[in-house]
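Quick note on numbering: the sequence shown equals residues 1 to 145 in the UniProt record's numbering.
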Amino acid sequence: MTFQEILDFAGRHSMLAIALVGLTLALVYTEVARLFRPYKALTPAQLTALVNREDAVVVDLSASGDFEKGHVAGSRNVQASALTPEHKLIAGAKERPLVLVCRSGQGSAAAAAKLAKSGITHVHWLDGGIAAWQQAGLPLVKGRA
């Protein structure tokens, strides 16, 4: 396909061309914004490395019952509504990386954004949550921590 054929197609189907340009710009904006946000997504392997190398603090935002059914080893259960920069786990680990985990990754991403806006540095979240952890074949610990 030549450039002239593409221009001809865009001229005949202007709404499709506008939609394509709009979607492309939205994707580029989303990816650039993701690169520069103050909190970072982690894969299960990256979470494991961060815990092992930098003694990261892992906070699980799951409901107590879900936490007891299975959580990342060493994680602490904190309800999302109680998670503030003043919380003892966060205040006591200012220099260590903080990783937030939930069942799906959605709640922990929102909590990471909130903490980053409040000035907490080294904030991360487990992309995909506990579901991604299990899909990676990594073990969960049952019971209270």
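Note that CB positions come from ideal geometry on N, CA and C, so glycine has one too.
Please name the residue or residues paired with L42 in a DSSP beta bridge. L126
Taking the alpha carbon of S118 as the reference point, which residue from L126, N77, G107 and K94 has its own alpha carbon closest? K94
Assuming L89 and A111 form a contact by the criterion Cβ under 8 Å, report the distance between their Cβ atoms to the nearest whole angstrom. 13 Å between Cβ atoms; not a contact.
Looking only at its chain, what residues have a beta carbon closer than 8 Å to the beta carbon of R76, apart from the 5 residues adjacent to it on each side? V57, V58, V59, D60, L89 and A145
Round the Cβ separation of I130 and G70 to the nearest angstrom and send it over; I've been treating them as touching at under 8 Å. 7 Å
Whole angstroms are fine: how far does the CA of E5 sit from the CA of L20? 16 Å
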